[in-house]
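Visitor: Can you keep this structure in mind? I'll have questions shortly.
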Amino acid sequence: MTFTPRARRALGVAASALTLALIPAGPGGATGAAAAPPKPVDLTATRPFHDTFTQDPALATAPFYGLNADLTTRQAPPDGERTISYTRVSGRWWTAEPPDSSFVQVGPAARPNRLVFGKGISAVMLGAPAVADAGGRYTVSTVVDPSVGDTTSQDWASIVLSRSHRSTGYVTNADVDLGLTVKSDGKLALYHGGGGESAFWSGQVSPADSYAVSLTVSTGADRTVTLEVNGTTLTATAPATVTRWPSSAFLYLGAYLDSSSTKVTTFGNGAGQGLSVSRVDTSAGASARPLVDTFDGAPSGTADFGLNQDLSARQPSLLSSNYVAESGVNGLVTDPVPGAVRVNSAAHPNVLSFPGGTAAVRLAKPATADLDGLYTVQARLTPAVDSTTGTDAAHLAVSRASNGTGAVDAPDVALGLRVQADGALTLHQGGTVTALASVPAAPSYTVSLALAAGPDKLATVTVNGREVFSGTTAAELPRDGYVVLGARPSAAGRVATVDELRISMLGGLGYYGYYATVDPTDGPHPDFTPKVAGWTNFNGYSRDADNISLGFLDNCRPASCALGVNPEVVNPGVGHRLVAKPTAEIKDNLAALKARIGGNLDKIGAIYLTDEAYYRELTADQIRVQAEQVRAAFPGKLLIFDYASGDLSPVPGVNPAPALADIVGSNRYCQGRGTVQGLVEKLRSKLASPDQHLMLFPETFRSDECGSSSDAQIAAFNAEYEAVAAQDPRIVYLHPFRWMTGTAADLPQTVARQQAAGTAVVNATPTRRPSSVGVYRAADRSVTQASHNGVTIARATVGAPGDVPLAGHWNGPGVDTIGYYRPSTAEFFLPGPDGTIGAPVRYGNYDDVPVVGDWSGRGRTTIGVYRPSEATFYLSDDNAVFKYRIMLGNVGWKPLVGDWDGNGTTTVAVYDPQTRTFHLNDSNQTEHVRDVVYGNTGDIPVKGDWDGTGVDSVGVFRPSDHSFSGAAVGSDLTVFRATVGDGETPLVGNWG
């Protein structure tokens, strides 16, 4: 098959590849093993912020109009600190699309040294959130003239605080935590999001030409807002629905003007008093790599008690992740007590709390290593609220397992620290406990774990800034480690809390955005960023030639854009060829580009290396030099490298990925799942380091490779790419190619599919948990449970000799727990809500085979049997008498049950060992069989929801090597593999 590179499709000249920015490599960009235990990365940098708005009026010209010009002079950041840019947002309630750039300018000749709004409604966002100081307060100060030359109108300026970095900045939007309007006539009003146009407080000062405004927010129990306006102090209290003001919030400045007038709104007094914020967080949005969770403001009156509410708002980083609540108890997996884990509860606002006894949470996406193999995880733990004595404990751990119990002493924990209220510490590694020297007792403990992944086996642990462990660990540390937070109180009523979770780099699928979001071929070069902003967080901007204005950068949120650099690093050649520029010229060109970017540098999260560089006939050395020069010019930005699929040579060492590329992909489009899985394996074979990550390119364009595919088919292909990414934490980016004029009308189903996929990524929408596996060993009656990614998470002894283990959610929705069946007495032994086995239930005959399932879709597992002598299933809905009886199969066939069509009901199936054929039935009353051939002779049939779709599919357990394999729905394509323990009887279930 001939693969058509992207170059032959629509772009004409070489498209400049992407570059995400996960985590910077070491000095000079070198990668390699850590020589000494790693030091925790500072993830909590804060400082005061001030912008004078003082600059040369000549800078207030298109395309930037001075918004982010000369920030170094205007802001004078401390040595070694970055400037902080502004993002243009709509400022409107009905659209996210910002108006023309000319609506907001800094320092035009007519209004020098001011931030100026004109022509109607608009807003800007400061790229670092305000954060509370040690006293729990933050202050925003500025001078505002709502309508220059007018002290009587109802035009207003706004100062908005929102936890969300994705707000439009309109003062009454639902995502606004606190909004202040200042009208020309001195009227003041405070709003809280979702309250409509009704203010929760209003006030008045004397009309004036301008208003010096200082807004101070108290995040403590007093919930006060203090306003000082032209020397007058006013105080307001939060509405009853606000238990605390957020400790971190993005600042939006805006104006509401009659668009038909020539009125303007200004911020700043023109003499250096521009905008000041008492303290801002310079870490959260500094790059595209970290995860930050403040736990602020989430609605807690939900079924999950706030755990996964408002994730993209309370997590101010580009990336977001959801959580899974776990029992926190070492042993077989059970559900936590309902309400044992809460976020932003009335009793414990703006924190993650554990009010219901021992419990834990696990982050659904893993922390992941950078190119140096390092990562840091940090959180503030309070083992017992209002106490610094006793043995109440909280823990922070990194686990190898994607799901489990959440216990710090469980076998899956690679490195964990438990801290008691009195400062006592224990280190946990794979179930082994080591006592460490205590630290001074304190109300809370900031714990940092710095890990060197892989064979180095090095880590450093600090508590409140004190190094408590630094050295070699018992085993290799995972490159993808799942973060666990938990609590173990000493008595009922004792509550632990966690706050300020920060991870230096997050793995798993976290980035979604389009390639060439500014059209490089359409003459006007339309910028589609606003059109796709609702479901993207990391869009790419190809620059094949230097023909695209950089004005789009003003619309980028912090660290959210990937920029191409082809004009700086290559020259056009003959046909598809590109010619590498001399090294010195590359260096100078990149420096010039960086100067043009100016204050928008913090908008760039990644740099594309030359797109399809091997197809363009660049050599490996030329690509390496390019990567080195780009890394030197843009430190801290992710580098992205991609292949034309035909350049993924199977020959080792041919066309290697550059060692400095953080993310590597291949632009093959409109392929089925098997082909995409094969593509991923080819990419892995080209990586220079196991710490490099992967990306895939779904399609949004009727390309040659998609041929005559219909809209529905292209949408289905998108789903295949999503499914592959969901199974592999090394795939971090889905980068659809590409949005164009007419895309929404031409491919509505594809667009709908991408909107759903992107929204789920951006908002970290919780998804169904895929099946996990385990084994039972009859010799010692032991059950070993493993996570979905094949890591042992629990072991226990169950039942009596000869018993058959069973997995089900016996007491309603939740994780599956272990019961068993005793053939000698034809009795089922099922656990209750607390895991304790109840009274035996006798059902069926002695030679029956036990089966369990949710036969009527009621959300609860009940019992049944298969009678081989009759080839008949007898299924009970009440664990007493059968409700369904259906004949299926022949002598010697094996019974199987599963939800084969995803409707929530378990139905029957049989497996023929001679032909390796599964006969699946979608009813428990009539026969409607579908056949799937899968596995090898001698395999034991199993079923599972292998990729979390809600539909069970077939699988096998191979006793010879204790391995599981699971197939895609309706297919013989293997999509799941795991090897577990040394038992001979397979178990499949939802272990969390």
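Residues in the sequence shown are numbered consecutively from 173, following my numbering. C-beta atoms are modelled at their ideal positions from N, C-alpha and C, and glycine is treated no differently.
Ala586 and Gly653 look like a contact to me (Cβ under 8 Å); what is the Cβ gap, rounded to whole Å?
Guide: 6 Å
Visitor: Got a sec? Which residues, its chain only, sit under 6 Å from Asn772 by beta carbon, not counting five neighbours each side?
Guide: Asn240, Ser257, Leu725
Visitor: So, with DSSP's three-state summary, where would you put Gly771?
Guide: helix
Visitor: Pull the bridge partners of His697 from the DSSP assignment, please.
Guide: For His697, DSSP assigns no beta-bridge partner whatsoever.
Visitor: So the alpha helix (DSSP H) Thr915 belongs to, where does it begin and stop?
Guide: Note, Thr915: alpha helix (DSSP H), 915 to 918.
Visitor: Look at the alpha carbon of Asn1108 and the alpha carbon of Gly1127, and state the distance between them as a whole number of angstroms.
Guide: Distance between the alpha carbons of Asn1108 and Gly1127 is about 11 Å.
Visitor: Are the beta-carbon atoms belonging to Gly1191 and Arg286 less than 8 Å from one another?
Guide: Because the chain here runs from 173 to 1164, residue 1191 falls outside it and cannot be looked at.
Visitor: Can you give the Cα-Cα distance for Glu1156 and Ile1112, rounded to whole angstroms?
Guide: 10 Å
Visitor: Could you compute how far the alpha carbon of Leu535 sits from the alpha carbon of Val213?
Guide: 20 Å
Visitor: According to DSSP, is Trp1118 part of a helix, a strand, or is it coil?
Guide: coil
Visitor: In this structure, what does DSSP give as the bridge partners for Cys733?
Guide: Asn711, Ile776
Visitor: Going along the chain, which residues of its own chain have a beta-carbon closer than 6 Å to the beta-carbon of Pro938, five neighbours each way excluded?
Guide: Asn480, Asn494.
Visitor: Going by other Cβ atoms of all chains shown within 10 Å of its Cβ, with 16 needed for buried, is Arg940 buried or exposed?
Guide: exposed
Visitor: Let me confirm a value: Ser432 is counted as buried when at least 16 other C-beta atoms fall within 10 Å, else exposed. Which label applies?
Guide: exposed
Visitor: To the nearest angstrom, how far is it from the Cα of Ile779 to the Cα of Val591?
Guide: 41 Å
Visitor: Where does Gly204 fall in DSSP's three states?
Guide: Unreliable placement is indicated for Gly204, whose pLDDT of 44 sits below 50; the coordinate value is still reported in the next sentence. Coil at Gly204, not helix or strand.
Visitor: Out of curiosity, what's the CA-to-CA distance linking Ala936 and Arg335?
Guide: 16 Å
Visitor: Starting from Phe889, trace the alpha helix (DSSP H) both ways and give me its first and last residue.
Guide: 883 to 899
Visitor: Which class does Ser857 belong to by DSSP, given the choice of helix, strand or coil?
Guide: Three-state result, Ser857: helix.
Visitor: Ala566 and Gly588 look like a contact to me (Cβ under 8 Å); what is the Cβ gap, rounded to whole Å?
Guide: At roughly 11 Å, the Cβ-Cβ gap does not stay under 8 Å, so Ala566 and Gly588 are not in contact.
Visitor: Kindly indicate which three-state DSSP category Ser1135 falls into: helix, strand or coil?
Guide: strand
Visitor: Would you mind giving the Cβ-Cβ distance between Pro379 and Gly358, rounded to the nearest angstrom? I have them listed as a contact below 8 Å.
Guide: 5 Å
Visitor: State the beta-bridge partners of Ile600 as determined by DSSP.
Guide: First, the amino acid is wrong: residue 600 is His here, not Ile. Gly588, Val605, per the DSSP bridge assignment.
Visitor: Starting from the N-terminal side, write out each stretch of the beta strand (DSSP E) that is 3 residues or longer and does not extend beyond the segment 629 to 681.
Guide: 630 to 635, 638 to 644, 652 to 660, 668 to 675
Visitor: Tell me His748's beta-bridge partners as DSSP assigns them.
Guide: The partner list for His748 (beta bridge, DSSP) is empty, contrary to what the question assumes.
Visitor: Are there three or more Cβ pairs, one per stretch, closer than 8 Å when the segment 592 to 599 is compared with the segment 956 to 973?
Guide: no
Visitor: What residues are listed by DSSP as bridge partners for Pro1003?
Guide: In the DSSP secondary-structure assignment, Pro1003 is bridged to Ile1009.
Visitor: If I'm right that Ala1150 touches Ala958 with Cβ under 8 Å, what's the distance once you round it to whole angstroms?
Guide: 6 Å
Visitor: Please report the distance separating the alpha-carbon of Glu157 from that of Asp718.
Guide: Since the first residue of the chain shown is 173 and the last is 1164, residue 157 is not available in this structure.
Visitor: Measure the alpha-carbon distance for Ile1035 versus Ala1011 and round it to whole angstroms.
Guide: 14 Å
Visitor: Can you look up Lys359 in the DSSP assignment and give me helix, strand or coil?
Guide: strand
Visitor: Are the Cβ atoms of Pro142 and Val354 separated by less than 8 Å?
Guide: Lying before the first or after the last residue shown, residue 142 is absent from the chain, which here runs from 173 to 1164.
Visitor: Three-state secondary structure (DSSP) at Ser448?
Guide: strand
Visitor: Can you tell me whether Pro1158 is buried or exposed? The criterion is at least 16 other CB atoms within 10 Å of its CB, across all chains shown.
Guide: buried
Visitor: Would you check if there are 3 or more beta carbon pairs closer than 8 Å linking the segment 511 to 518 to the segment 450 to 464?
Guide: no
Visitor: Under three-state DSSP, which class holds Phe873?
Guide: Secondary structure at Phe873: coil, using DSSP grouped into helix, strand and coil.
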